Amino acid sequence: MIEFIADNLAPIMFASLVIFLLLGYPVAFSLAANGLLFFIIGVELAPLSDSINLSWPLLNALPERFWGVMSNDTLLAIPFFTFMGIVLERSGMAEDLLDTIGQLFGPIRGGLAYAVIFVGALLAATTGVVAASVIAMGLISLPIMLRYGYDRRVASGVIAASGTLAQIIPPSLVLIVLADQLGRSVGDMYAGALIPGLVLTGLYMGYIMLMSFLKRDSMPALPLEARTLGSGVASLVVAVAVAVAIAYAAHVYLAPTQGENADILGATVGVIFVYIVAIADKAFNIGILSRLAQQVIIVLIPPLALIFLVLGTIFLGIATPTEGGAMGAVGALILAAAKGRLNMDVVRAALASTTRLSAFVLFILIGARVFSLTFYGVNGHLWVEHLLVGLPGGEVGFLIAVNVLVFLLAFFLDFFELAFIIVPLLAPAAEKLGIDLIWFGVLLGINMQTSFMHPPFGFALFYLRSVAPRVPYLDKVTGKRMQPVSTGQIYWGAVPFVGIQIIMVALTLMFPQMVMHYKGAGADVDPSTIKIEVPGFGTGGGLGLPDNGGGLGLPGGLQLPGGSPLDGGQQPAQPNVAPQQQQPPAPDLSAPPSFN
Numbered sequence: 007m008i009e010f011i012a013d014n015l016a017p018i019m020f021a022s023l024v025i026f027l028l029l030g031y032p033v034a035f036s037l038a039a040n041g042l043l044f045f046i047i048g049v050e051l052a053p054l055s056d057s058i059n060l061s062w063p064l065l066n067a068l069p070e071r072f073w074g075v076m077s078n079d080t081l082l083a084i085p086f087f088t089f090m091g092i093v094l095e096r097s098g099m100a101e102d103l104l105d106t107i108g109q110l111f112g113p114i115r116g117g118l119a120y121a122v123i124f125v126g127a128l129l130a131a132t133t134g135v136v137a138a139s140v141i142a143m144g145l146i147s148l149p150i151m152l153r154y155g156y157d158r159r160v161a162s163g164v165i166a167a168s169g170t171l172a173q174i175i176p177p178s179l180v181l182i183v184l185a186d187q188l189g190r191s192v193g194d195m196y197a198g199a200l201i202p203g204l205v206l207t208g209l210y211m212g213y214i215m216l217m218s219f220l221k222r223d224s225m226p227a228l229p230l231e232a233r234t235l236g237s238g239v240a241s242l243v244v245a246v247a248v249a250v251a252i253a254y255a256a257h258v259y260l261a262p263t264q265g266e267n268a269d270i271l272g273a274t275v276g277v278i279f280v281y282i283v284a285i286a287d288k289a290f291n292i293g294i295l296s297r298l299a300q301q302v303i304i305v306l307i308p309p310l311a312l313i314f315l316v317l318g319t320i321f322l323g324i325a326t327p328t329e330g331g332a333m334g335a336v337g338a339l340i341l342a343a344a345k346g347r348l349n350m351d352v353v354r355a356a357l358a359s360t361t362r363l364s365a366f367v368l369f370i371l372i373g374a375r376v377f378s379l380t381f382y383g384v385n386g387h388l389w390v391e392h393l394l395v396g397l398p399g400g401e402v403g404f405l406i407a408v409n410v411l412v413f414l415l416a417f418f419l420d421f422f423e424l425a426f427i428i429v430p431l432l433a434p435a436a437e438k439l440g441i442d443l444i445w446f447g448v449l450l451g452i453n454m455q456t457s458f459m460h461p462p463f464g465f466a467l468f469y470l471r472s473v474a475p476r477v478p479y480l481d482k483v484t485g486k487r488m489q490p491v492s493t494g495q496i497y498w499g500a501v502p503f504v505g506i507q508i509i510m511v512a513l514t515l516m517f518p519q520m521v522m523h524y525k526g527a528g529a530d531v532d533p534s535t536i537k538i539e540v541p542g543f544g545t546g547g548g549l550g551l552p553d554n555g556g557g558l559g560l561p562g563g564l565q566l567p568g569g570s571p572l573d574g575g576q577q578p579a580q581p582n583v584a585p586q587q588q589q590p591p592a593p594d595l596s597a598p599p600s601f602n
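Right under this line is the structure:
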């Protein structure tokens, strides 16, 4: 029995970790306690099994592993992006966006739902924090959607799903953690995830469009009295056309001197011009633009500028993700100050939330380091690798099995726990099968997004439940008595969007180029033009061996000039070099070296 335990310590250790987590113990302490407990067991059982490589001196490696976590520059991006998101959420940006975009899409059926998805994508690209997005849209949009007759399940589902876009659209915290665990660049992970995130946003909008035809009464258009900004879409279209024309002209003017940067600089000139015009038109009441066009331009351009400041500098190679996060945090403070909503209470709340999340991540990482030290010591990584690589179907079978596993585990674990516990075990098997780890990470990120939407443990559903009305209430505008939103309606509203997320996983599997574009177009190389030249190692046998004309001190070397090793071919002519005083004798290689 003892021998059986010693030979199967890795699966027993993994199963005990799962039991600890299901019992509700904190993840960080479950990992660390499991690692230390099984380290002691492994040291005692090491003489009974060749698969256990643990000894007491190995504990001396823990301080170095902890220091590696704390000195990881990549993880610095997490507090920066968290701080940026919370400051923006407190600055009222989400409220302004939802109100303005809701007015823009209001005249069409399902317009408020489109606005929620659009704003959810914008908040995802600026905050990267799911909780902030879901709570802000739940507080602002849900009462409006209920007021004008939206189905409660549709309203709840679209708000929760749009908030989870922060999981996959850069600058997502999930992508930072996945890049760190997979040992890949955060910038590459961001570039790979951008198109799948936009496609998923389009799928959400497609579902709303379909439902607006199938269930016309479930998402009515805004009534005329609710459209406070009036019409004026034509004015907005003209303003966009003028901005595009100015951007193109600036591009043509700057191209000879700025080269590849001319298109970005030209677009910047066009956007700044139309923004200044909108500000001046509103301030001096000139009447160039409609009220709707004014408000859309003034509200939409600052977050788009912040997105460019963060993601644009990362994708252009100007800044690292950590530097981009730092600039985003400063930009968020500037936007909040410009709105007059920056005060010490906002900064204090943002710093407190950022510190809590950063400490949470740090403690999980430290616990994971203790666990992995023991798990690798009992060859657990080899057990997982053999288990996954040996699945029927090869690479396809592995990907299907992994996605099913992650989907099921997401019912009980959140994305941080999945990223720190499961991903490090899957990465070696994926790499051995030749799977690109950036593509694999984005695929897992899309799959782990369902952890926020799974009934009954989805965190996005909990966030929405915390702000959705639980009891009947009187609407502030209409004075009508409104019915509450039940937990069942929130759960059922999330189910279609979980299905859409699964469809997105399948699309990423079928069309990997959505992610693989991050590599760019490689230069075409003709193999016939490749010429390999091996430098000489000097005369006299550069490695301390006799020089017989073979470059490495051996006859014929690597078939370099010096004659065939079989026929003792003609030695090449020696170049004009100064004659040596005396050729050193060849060492005797038949006896071990003497150091006397």
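First residue of the sequence shown: 7, per my numbering; consecutive thereafter. Backbone N, C-alpha and C fix where the C-beta goes; we use that ideal spot for every residue, glycine too. Just so you know, these numbers come straight off a predicted model, no measurement behind them.
Report the option in the options whose CA atom is closest to the CA atom of residue i.
{"i": "Phe377", "options": "Leu260, Ser22, Leu42", "result": "Leu42"}
{"i": "Val283", "options": "Ser241, Gln264, Ile320", "result": "Ser241"}
{"i": "Tyr281", "options": "Thr263, Val160, Ala249", "result": "Ala249"}
{"i": "Val244", "options": "Ala16, Ala299, Arg487", "result": "Ala299"}
{"i": "Phe124", "options": "Val367, Leu171, Ile114, Pro177", "result": "Leu171"}
{"i": "Gly451", "options": "Arg158, Ile214, Pro176, Ala131", "result": "Pro176"}
{"i": "Leu23", "options": "Pro327, Val140, Gly386", "result": "Gly386"}
{"i": "Leu28", "options": "Ala338, Leu415, Ile372, Leu60", "result": "Leu415"}
{"i": "Asp194", "options": "Tyr213, Pro327, Val302, Pro85", "result": "Pro327"}
{"i": "Thr484", "options": "Val75, Arg190, Pro149", "result": "Pro149"}
{"i": "Ala315", "options": "Tyr31, Pro502, Thr132", "result": "Note that residue 315 is Leu in the sequence shown here, rather than Ala. Checking every option, the nearest Cα to that of Leu315 belongs to Thr132."}
{"i": "Ser57", "options": "Glu70, Pro85, Ala16, Arg71", "result": "Ala16"}
{"i": "Val140", "options": "Phe517, Met520, Tyr31, Ala474", "result": "Ala474"}
{"i": "Thr514", "options": "Asp420, Met211, Asn409, Phe421", "result": "Asn409"}
{"i": "Leu339", "options": "Ile294, Leu312, Ile285, Ser77", "result": "Leu312"}
{"i": "Asp157", "options": "Val521, Gly499, Val504", "result": "Gly499"}
{"i": "Ala38", "options": "Ile427, Glu9, Leu128", "result": "Ile427"}
{"i": "Leu301", "options": "Glu101, Val511, Phe20", "result": "Residue identity check: residue 301 is Gln in the sequence provided, not Leu. Looking at the Cα atoms, Glu101 is the closest of the given residues."}
{"i": "Ala138", "options": "Ser97, Gly155, Ile114", "result": "Ser97"}
{"i": "Leu179", "options": "Phe44, Val135, Lys221", "result": "Val135"}
{"i": "Arg144", "options": "Val122, Pro226, His257, Ala435", "result": "Correcting the residue identity first, residue 144 is Gly in this sequence and not Arg. The candidate whose alpha carbon is nearest that of Gly144 is Val122."}
{"i": "Thr106", "options": "Tyr154, Gly155, Thr234", "result": "Thr234"}
Compare the beta carbon distance of residue i and residue j with 9 Å and say whether it is the shorter of the two.
{"i": "Ser218", "j": "Gly383", "result": "no"}
{"i": "Val429", "j": "Val93", "result": "no"}
{"i": "Leu209", "j": "Ile509", "result": "yes"}
{"i": "Glu401", "j": "Ile441", "result": "yes"}
{"i": "Gly323", "j": "His523", "result": "no"}
{"i": "Ser55", "j": "Ala12", "result": "yes"}
{"i": "Gly403", "j": "Leu411", "result": "no"}
{"i": "Val33", "j": "Gly373", "result": "yes"}
{"i": "Ser472", "j": "Phe417", "result": "no"}
{"i": "Thr493", "j": "Thr88", "result": "no"}
{"i": "Leu188", "j": "Arg375", "result": "no"}
{"i": "Gly276", "j": "Tyr254", "result": "yes"}
{"i": "Pro85", "j": "Leu363", "result": "yes"}
Sort out for me which residues DSSP pairs residue i with in a bridge.
{"i": "Leu480", "result": "Arg487"}
Using DSSP with H/G/I as helix, E/B as strand and the rest coil, what is residue i?
{"i": "Gly155", "result": "coil"}
{"i": "Asp13", "result": "helix"}
{"i": "Asn409", "result": "helix"}
{"i": "Thr523", "result": "Reading the sequence as shown, one finds His at residue 523 and not Thr. Here His523 sits in helix by DSSP."}
{"i": "Ala474", "result": "coil"}
{"i": "Ile18", "result": "helix"}
{"i": "Ser77", "result": "coil"}
{"i": "Lys288", "result": "helix"}
{"i": "Ser492", "result": "coil"}
{"i": "Ser191", "result": "coil"}
{"i": "Tyr196", "result": "helix"}
{"i": "Ile201", "result": "helix"}
{"i": "Ala416", "result": "coil"}
{"i": "Pro309", "result": "helix"}
{"i": "Val511", "result": "helix"}
{"i": "Asn40", "result": "helix"}
{"i": "Phe463", "result": "coil"}
{"i": "Gly30", "result": "coil"}
{"i": "Ala325", "result": "coil"}
{"i": "Ala343", "result": "helix"}
{"i": "Leu145", "result": "helix"}
{"i": "Ile25", "result": "helix"}
*Would you mind listing the alpha helix (DSSP H) stretches within the stretch 204 to 277 that are 4+ residues and don't spill past its ends, in chain order?*
Counting whole runs of 4 or more residues, the stretch 204 to 277 contains the alpha helix (DSSP H) stretches 239 to 264.
_Ordered list of alpha helix (DSSP H) runs contained in the stretch 42 to 96, each at least 4 residues_ = Positions of the alpha helix (DSSP H) runs, each at least 4 residues long and wholly inside the stretch 42 to 96, are given as 68 to 76, 83 to 96 in order along the chain.
*Contiguous alpha helix (DSSP H) assignments of at least 4 residues, all confined to the stretch 420 to 454*: DSSP runs (the alpha helix (DSSP H)) wholly in the stretch 420 to 454: 429 to 438, 443 to 454.
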